[in-house]
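**Q** I have a structure here, written as structure tokens, and I will follow up with some questions on it.
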Amino acid sequence: MFRRNLLFFLAYFIASILAFFFLLPLWWMVSTSLKTSDQIFIFPPTWYPNPIRFSNYGEALSKINFFRHFSNTLYVTLMTLIGVFFSAPLAAYSFSRLKWRGRDFWFFTILSTMMLPPQVTMIPLYMIFSRIGWIDSFKPLYIRFYFGPPYFIFLLRQYFLTIPSSFDDAAYIDGCSPYRVYWSIMLPLVKPALITVAIFVFLNTWNDFINPLLYLHSPNLYTLAIALNIFKGQYEVDWSYLMAISTLMTTPVLLIFFLLQRYFIRGIVLSGIKG
Amino acid sequence: MSSFKKVQTTAGIICALPSILGFFIFVLGPAIASAYFSFTRYTVIEQPEFIGLENYRSLIFEDLFKVSFYNTIYLTSLGVLSTIITALALAILLNQKLKGISIYRTVFFVPSITPLVANAVIWTLFLNGKYGLINYVLSWFGINGPAWLADPRWAKPALIMMGIWGVGQSIVIYLAGLQGIPLEFYEAAEVDGAGIIARFRYITWPLLSPTTFFILITSTINHFQMFVQPYVMTQGGPADATMTYVYLLYNKAFGWFKMGEACAMAWMLFILVITLTMLQFYFSKKWVHYELF
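Here you go:
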């Protein structure tokens, strides 16, 4: 009994120390965003801001057009989401529940393209977008998602495969068309999966750096990721401003995570385990 | 019945059509074009000029290419190793039946979803040699920390250390794997007198090997793609110590307009990733066990 208690105590102790270190970057971001500059450049560092300087946020926001970049990022996310919701479940449905010749060939062809590093197609795609005058617009960032992004097709197909085939059979006997089965039966059933997909789309767009870097050149089109990097180049010493913007950029991600934690975890597990 | 088959086929093709088109427009077409460019001298301003394998040959002998290749192998091998060790250790810890352990799960997961650029900003301050928290924590143990990102010898280890904070998703995958191991296995082993180490060695590790294999492959591919951290934090410096493969490729294409060379690098990356993956598949037969019984 004593040994058991000791082990429990040890597990909590180790977990707590590690948790402390894992939370440190986030804590440091928030606390630095509220410090005065002479609290930042001292050694040893101070653990919490004293006095708390909320005006850092107002000043940082006046130096960077935050709401512009925020709405740009939101716009790209939304347009990507529409594309994914239009094309991915449709393809996943076709590849899992409809029977047609060549189905598995096309599925595995599309799936195997995930092995191709994006750098291979990056340069020709840039040339194409440049030829049709799409550089310095949001279109190159989301257009690909209207044409079946492989990862989301794969993820959704995993969900479709878990639905018993009696669902379709019953509907066909009642005289439903495959489109009707998709729209009225399948889509409502995979709603949880669609939430997972939406979370991944949101995270990816919020995180994406190289594509906005390639395609967005006017400052008023920058997404948050690009704007923050430019801001970093200009205000390398004003850490409180940088951290204030970083905090504002991170908050929506954390918010979504805490609201939809369940879907997050399930999505990761599903793409990992059966893959 | 045959009309039913026909309806299914038509619907199947119509539903898959956007994705099949996407394959041609966004993958196959550009891939063929980039394969062709890789055999040309192409500066955007002039038309591509066919030069055979010259791009590949000159890259192999180029110093900066070799440096970026070395850096990437360094970052990948140690990065993947530290990911697997940390993720597995934390997953085992989190799998203990303890009260309130779910809070810890959240804590370990959260850093893996903070936006990469924000993360890079935080860690630039964190790793500052003078005011950084890392060196302060090290000073508790009497260690005089290096200048990290400003020191060519420590810049790569700094990026690997930073990567450890992002293992959250691997932890979740390992946890799912751990929860798939029947408890009776451990109970039986305990009855037979197996200690913690023996239980790990003979039960946990072999039964988790498919999970480890999955993380090994995906983590390797991800590490080969490293771009944001060097771009935002070090611009490839100091002294090219963090010039990664993809960062060099980006510079060649969009900094120096050597599109042909950049495409050749992209294809070499593809060949490298495929070879590594196949090697890992080959060796996996020796240590990955898919059957439970």
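If you're matching them up, the sequences are chains S and W in order.
Taking our numbering, the leading residue of the first sequence gets 2, the next gets one more, and so forth.
Taking our numbering, the leading residue of the second sequence gets 177, the next gets one more, and so forth.
Where is the CB? At the ideal position from N, CA and C, for every residue including glycine.
(1) Does DSSP classify Arg-329 (chain W) as helix, strand or coil?
(2) With a Cβ-Cβ cutoff of 7 Å, do Ile-347 (chain W) and Phe-390 (chain W) count as a contact?
(3) Using C-beta distances below 7 Å, list every residue in its chain close to Asp-368 (chain W), excluding the 5 sequence neighbours before and after it, in chain order.
(4) Quick one, which residues of the region 290–302 of chain W are near chain S if we go by CB-CB under 9 Å, in chain order?
(5) Using CA coordinates, which residue listed in S:Leu-117, S:Gly-59, S:Phe-153, S:Pro-26 is at the minimum distance from Ser-195 (chain W)?
(6) Output yes if chain S places a C-beta closer than 7 Å to the C-beta of Phe-376 (chain W); else output no.
(7) Identify which residue in W:Ala-365, W:Gly-276, W:Thr-453 has its Cα closest to the Cα of Pro-118 (chain S).
(8) With DSSP as the reference, label Gln-238 (chain W) as helix, strand or coil.
(9) With distances taken from CA atoms, which of W:Phe-430, W:Tyr-307, W:Phe-245 is nearest Tyr-216 (chain S)?
(10) How would you call Phe-265 (chain S), buried or exposed, if buried means at least 16 neighbouring beta carbons within 10 angstroms?
(11) When you compare only the Cα positions, how much space is there between Ala-89 (chain S) and Ile-200 (chain S)?
(12) With distance defined between alpha-carbon atoms, name the residue in S:Leu-214, S:Trp-207, S:Phe-232, S:Ser-219 nearest to Thr-252 (chain S).
(13) Leaving out five residues before and five after Ala-339 (chain S) in sequence, what residues of the same chain have Cβ atoms less than 7 Å from its Cβ?
(14) What residues in its chain sit with their C-beta under 7 Å from that of Ala-92 (chain S), if we drop five residues either side in the sequence?
(15) Considering only C-alpha positions, which residue in the set S:Ile-53, S:Asn-57, S:Ile-231, S:Asp-239 is nearest to Phe-42 (chain S)?
(16) Have a look at S:Trp-184, S:Trp-48, S:Phe-3, S:Thr-122 and flag the residue whose alpha-carbon is nearest the alpha-carbon of Leu-25 (chain S).
(17) For the region 240–256 of chain S, which residues have a beta carbon sitting closer than 9 Å to at least one beta carbon of chain W?
(18) Can you tell me which of W:Leu-314, W:Ile-190, W:Cys-439, W:Ile-336 puts its alpha carbon nearest to the alpha carbon of Leu-257 (chain W)?
(19) Would you say the region 182–197 of chain W touches the region 164–179 of chain S, given that touching needs at least three Cβ pairs under 8 Å?
(20) CA-CA distance, Ala-16 (chain S) and Tyr-350 (chain W)?
(21) Could you tell me whether the Cβ atoms of Ala-245 (chain S) and Ala-61 (chain S) are closer together than 7 Å?
(22) CB-CB under 6 Å to Phe-469 (chain W), same chain, minus the five flanking residues each way: which ones, in chain order?
(23) Work out the CA separation of Met-435 (chain W) and Leu-202 (chain W) for me, nearest whole Å.
(24) Cα-Cα, which of S:Val-202, S:Gln-235, S:Gly-103 is closest to Met-80 (chain S)?
(25) Thinking Tyr-426 (chain W) and Leu-445 (chain W) are a contact (beta carbons under 8 Å), I'd like their distance in whole angstroms, please.
(26) Taking only beta-carbon atoms, is Ile-221 (chain W) less than 7 Å away from chain S?
(27) Could you list which residues in chain S have their beta carbon closer than 9 Å to that of Tyr-312 (chain W), in chain order?
(28) Our contact map puts Asp-416 (chain W) next to Leu-240 (chain W) with C-beta atoms below 8 Å; I'd like the distance itself, whole angstroms only.
(29) Based on the DSSP secondary-structure assignment, which residues constitute the bridge partners of Phe-199 (chain W)?
(30) Looking at C-beta atoms only, is the number of pairs between the region 102–116 of chain S and the region 401–414 of chain W that lie closer than 8 Å three or more?
(31) Tell me whether Glu-237 (chain S) sits in a helix, a strand or coil according to DSSP, three-state version.
(32) Would you please verify whether the beta carbon of Asn-208 (chain S) is less than 7 Å from any beta carbon of chain W?
(33) In chain order, what residues of the same chain have a beta carbon less than 7 Å from the beta carbon of Gln-262 (chain W), not counting five sequence neighbours either side?
(34) Is the shortest distance between the beta-carbon of Thr-185 (chain W) and the beta-carbons of chain S less than 7 Å?
(35) By the 10 Å Cβ neighbour count, where 16 or more other Cβ atoms means buried, how is Thr-282 (chain W) classified, buried or exposed?
(36) Applying the 10 Å Cβ sphere with the 16-neighbour rule, what's the burial state of Pro-52 (chain S)?
**A** On the basis of the supplied data:
(1) Translated into the one-based positions of the second sequence, residue 329 (chain W) becomes position 153. Coil, per DSSP.
(2) For the purposes of this step, residue 347 (chain W) is taken as residue 171 along the second sequence, with counting starting at 1. For the purposes of this step, residue 390 (chain W) is taken as residue 214 along the second sequence, with counting starting at 1. Contact flag unset, no.
(3) Here residue 368 (chain W) refers to the residue found at position 192 of the second sequence. Excluding residues within five positions, none has a Cβ falling inside 7 Å.
(4) From the region 290–302 of chain W, only Thr-290, Pro-291, Leu-292, Val-293, Ala-294, Asn-295, Ala-296, Val-297, Ile-298, Trp-299, Thr-300, Leu-301, Phe-302 have a Cβ closer than 9 Å to chain S.
(5) On the second sequence, position 19 is the one that residue 195 (chain W) refers to. Checked all of S:Leu-117, S:Gly-59, S:Phe-153, S:Pro-26; the closest Cα to Ser-195 (chain W) is S:Phe-153.
(6) Start at 1 with the first residue of the second sequence, and residue 376 (chain W) comes out as number 200. Under the Cβ criterion of 7 Å, Phe-376 (chain W) is not counted among the residues facing chain S.
(7) Residue numbering aside, residue 118 (chain S) sits at position 117 when the first sequence is read from its first letter. It is W:Thr-453 whose Cα lies nearest to the Cα of Pro-118 (chain S).
(8) Here residue 238 (chain W) refers to the residue found at position 62 when the second sequence is read from its first residue. According to the sequence shown, residue 238 (chain W) is Glu rather than Gln. Glu-238 (chain W): coil per DSSP, three-state reduction.
(9) In the first sequence, counting from the first residue as 1, residue 216 (chain S) sits at position 215. Minimum Cα-Cα distance from Tyr-216 (chain S) among the listed residues W:Phe-430, W:Tyr-307, W:Phe-245 corresponds to W:Phe-430.
(10) For this step, residue 265 (chain S) is matched to residue 264 along the first sequence. Label assigned to Phe-265 (chain S): buried.
(11) On the first sequence, residue 89 (chain S) is found 88 positions in, with the first residue counted as 1. On the first sequence, residue 200 (chain S) is found 199 positions in, with the first residue counted as 1. Cα-Cα distance, rounded: 15 Å.
(12) Residue mapping note: residue 252 (chain S) aligns to position 251 of the first sequence, counting from 1. Of S:Leu-214, S:Trp-207, S:Phe-232, S:Ser-219, the residue nearest in Cα terms is S:Trp-207.
(13) The displayed coordinates of chain S run from 2 to 276. Any statement about residue 339 (chain S) would go beyond what the structure contains.
(14) For this step, residue 92 (chain S) is matched to residue 91 along the first sequence. Excluding sequence positions up to five before and after Ala-92 (chain S), its CB lies within less than 7 Å of the CB of Gly-149, Ile-154, all in the same chain and listed in chain order.
(15) Mapped onto the first sequence, residue 42 (chain S) falls at position 41. It is S:Asp-239.
(16) Counted from its first residue, the first sequence places residue 25 (chain S) at position 24. Relative to the Cα of Leu-25 (chain S), the nearest Cα in the group S:Trp-184, S:Trp-48, S:Phe-3, S:Thr-122 belongs to S:Trp-48.
(17) When C-beta distances to chain W are compared with 9 Å, the residues of the region 240–256 of chain S below that value are Trp-240, Leu-243, Met-244, Ile-246, Ser-247, Thr-248, Met-250, Thr-251, Val-254, Leu-255, in chain order.
(18) Reading the second sequence from its first residue, position 81 is the one you call residue 257 (chain W). Nearest of W:Leu-314, W:Ile-190, W:Cys-439, W:Ile-336 to Leu-257 (chain W), Cα basis: W:Ile-336.
(19) With a cut-off of 8 Å, the region 164–179 of chain S and the region 182–197 of chain W count as touching, because enough Cβ pairs lie within range.
(20) As a first step, residue 16 (chain S) must be located in the first sequence, where it is residue number 15. As a first step, residue 350 (chain W) must be located in the second sequence, where it is residue number 174. Those two C-alpha atoms are separated by around 17 Å.
(21) As a first step, residue 245 (chain S) must be located in the first sequence, where it is residue number 244. As a first step, residue 61 (chain S) must be located in the first sequence, where it is residue number 60. Contact: yes.
(22) For this step, residue 469 (chain W) is matched to residue 293 along the second sequence. The predicted model places Phe-469 (chain W) with a pLDDT of 44, which falls under 50 and marks its position as unreliable, so this point remains unresolved.
(23) Within the second sequence, residue 202 (chain W) is the residue found at index 26, counting from 1. Within the second sequence, residue 435 (chain W) is the residue found at index 259, counting from 1. Per the sequence presented here, residue 202 (chain W) reads as Phe, with Leu not at that position. Taking the CA atoms as reference points, Phe-202 (chain W) sits about 18 Å from Met-435 (chain W).
(24) Along the first sequence, read from residue 1 onward, the residue named residue 80 (chain S) stands at position 79. Out of S:Val-202, S:Gln-235, S:Gly-103, S:Val-202 has the C-alpha closest to the C-alpha of Met-80 (chain S).
(25) By 1-based counting over the second sequence, the position of residue 426 (chain W) is 250. By 1-based counting over the second sequence, the position of residue 445 (chain W) is 269. Between Tyr-426 (chain W) and Leu-445 (chain W) a beta carbon distance of about 12 Å is seen, past the 8 Å cut, so the two are scored as non-contacting.
(26) As a first step, residue 221 (chain W) must be located in the second sequence, where it is residue number 45. No, because no Cβ of chain S sits closer than 7 Å to the Cβ of Ile-221 (chain W).
(27) As a first step, residue 312 (chain W) is located in the second sequence; it is residue number 136 there, counting from the start. Those within 9 Å of Tyr-312 (chain W) in chain S are Phe-44, Pro-45, Pro-46.
(28) Here residue 416 (chain W) corresponds to residue number 240 of the second sequence, with the count starting at 1. Here residue 240 (chain W) corresponds to residue number 64 of the second sequence, with the count starting at 1. For Asp-416 (chain W) against Leu-240 (chain W), the beta-carbon gap comes to about 7 Å, under 8 Å, which counts as contact.
(29) On the second sequence, position 23 is the one that residue 199 (chain W) refers to. In the DSSP assignment, no residue is bridged to Phe-199 (chain W).
(30) By the Cβ rule, the region 102–116 of chain S does not count as touching the region 401–414 of chain W, because fewer than three pairs are nearer than 8 Å.
(31) Taking the first residue of the first sequence as 1, we reach residue 237 (chain S) at position 236. Secondary structure of Glu-237 (chain S) (DSSP, three-state): coil.
(32) By 1-based counting over the first sequence, the position of residue 208 (chain S) is 207. It does; some Cβ of chain W falls within 7 Å.
(33) In the second sequence, residue 262 (chain W) corresponds to position 86, counting from 1. It is Thr, not Gln, that sits at residue 262 (chain W) in the sequence shown. Only Ile-340, Val-343 meet the Cβ criterion.
(34) Residue numbering aside, residue 185 (chain W) sits at position 9 when the second sequence is read from its first letter. Judged by the 7 Å Cβ criterion, Thr-185 (chain W) is in contact with chain S.
(35) To locate residue 282 (chain W), count along the second sequence from 1; it is residue 106. By the neighbour-count criterion, in which a residue is buried when 16 or more other Cβ atoms sit within 10 angstroms of its Cβ, Thr-282 (chain W) is exposed.
(36) Counted from its first residue, the first sequence places residue 52 (chain S) at position 51. With fewer than 16 Cβ atoms within 10 Å of its Cβ, Pro-52 (chain S) is classed as exposed.
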